[in-house]
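Heads up, the thing below is written out as structure tokens.
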Amino acid sequence: MKTEVVIVGGGPSGLLLSQLLNRAGVDTIVLERASRDHVLSRIRAGVLESGTVEMLRAAGVGARMERDGMEHEGCYLTDDDLMVRINFHELTGKSVMIYGQTEVTADLYAAQDAMGTTILHGVEDVAIHDVTSSAPYVEFTQGGARQRIDCAYVAGCDGFHGVSRQTIPADKRREFERVYPFGWLGLLSRTPPASDEIVYANSTHGFALVSMRSPSLSRYYVQVPLTDKVEDWSDDRFWEELSRRLPQQVAQDMVTGPSIEKSIAPLRSFVSEPLRWGSLFLVGDAAHIVPPTGAKGLNLAVSDVFYLHQALIDALKRNDMSGVEAYSDRALARIWKAMRFSWQMTAMLHRFEGEDDFAPQMRKATMLHLAQSETARRDLAENYIGLPF
Ligand code: FAS
Ligand code: PHB
């Protein structure tokens, strides 16, 4: 087989890249390890930055988002019963869109099917070859048969546990990591959200988050020790712990109900440099991971796609290699700023095991400063709605 760009990974970054490239007349093949149902069963991100909303509209997949998404002009940060509203719209003129990553991925699959693009599911043992030569190719197994695709470029959109990052020689990679000593236990319930806007709650008992997917579908998280397992947490235990971490005025009206999904996600900050190795480009979680506290994971994947799709179109359609050569540095500049924001939000809102008495004082002082300083709120708002591409 032959194509212009092989995209390894059919998650949001791989699909969005394929969508934008095919709309510009660039031929792609997407290789996805899992079944489509499995990809669409994942419950992940829920907040879209304004730049992500624009990118989805530009890719022609904004219709359902416009209809079912919820535009939010602010969010709350709380410290026990102190609640601070960050009014994004007043401070930046922009807002965010609440629309689940699962829906974004479904919209992209539907658009890709309508375009008749090639997406191969259930592929195994993907191997990326000769990316530093003028004739790169990708091998994979599907249905027991080993196959080969000759191409001009390979986009590694295969997530943190994918094969792309490992294709770059270890002595050519520089990796930065911080693993947090806790995880997030997430719960999805068919109940009206406890708040009309997202609440990031810091409390003496630990962090909690109030989010949503629709006016009747709530998404909640509580910080849990890394040693916890989902089976340690009954629904009743979850609701009780969530209530005591939220401000009284939020918890008192909360409607509880049976969980329809419950899972624990570990938290880490991670970046692998460079994002390019010959004709191989790393995109999204294949290159970086952020703690979900800043709602940046999916949005950073879209950011990488913003830079890479234009670079590949310029290279393949105009023989202009400037974007390809600049991709890694341009994408990393924005990645590191989002890395910093996500780390800062995580440090500000979580209790760390074994911390001294000084740490909670710093969290309280940060929250008080946010309450009293419009400048501090504007800095947070600018990062939360998404820095410019
Ligand atoms: P993805 O991991 O989504 O997609 C990679 C795809 O590549 C997958 O479909 C995988 O099956 C496939 N793949 C992997 N290896 C392969 C191989 N060898 N061959 C072929 N295919 C291969 N972000 C937020 O902003 N907010 C959140 O609340 C949030 N919660 C999260 C919870 C969890 C449990 C996880 C894991 C992530 C969460 N994230 C969150 C981050 C998440 O949204 C990612 O940033 C987003 O999925 C990144 O998209 P991709 O880069 O496309 O990677
Ligand atoms: C979510 O709705 O899943 C969500 C919202 C905000 C975050 C993380 C996750 O920061």
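The sequence shown lines up with residues 663 to 1051 when you count with the working numbering. All C-beta atoms, glycine included, are put in the ideal place defined by N, C-alpha and C.
Residue i beta carbon near the ligand FAS (any heavy atom closer than 7 Å)
i     : result
S925  : yes
V715  : no
V793  : no
N1045 : no
D820  : yes
V800  : no
L944  : no
Helix, strand or coil at residue i [DSSP, three-state]
i     : result
P928  : strand
A797  : coil
L683  : helix
I860  : coil
E1044 : helix
N749  : strand
H971  : helix
M1024 : helix
F1003 : helix
A773  : helix
K664  : strand
D699  : helix
F900  : helix
S905  : helix
A789  : strand
T714  : helix
Within 8 Å, strictly: CB atoms of residue i and residue j
i     : j     : result
L888  : G848  : no
F932  : G713  : no
T1028 : T955  : no
L974  : Y761  : no
L942  : V793  : yes
L944  : S826  : yes
G784  : R1013 : no
R907  : S865  : yes
S873  : R852  : no
R706  : Q763  : yes
Burial state of residue i, where buried means 16 or more other Cβ atoms lie within 10 Å
i     : result
Q681  : buried
A797  : exposed
D894  : exposed
F838  : exposed
G821  : buried
T740  : buried
E1036 : exposed
D769  : buried
L702  : exposed
Check: residue i C-beta below 7 Å from any heavy atom of the ligand PHB
i    : result
V758 : no
P954 : yes
I748 : no
I860 : yes
G673 : no
In DSSP terms, what residue i is bridged to
i    : result
H734 : V758
Y883 : G848, L871
W939 : L942
H783 : E694
I811 : V800
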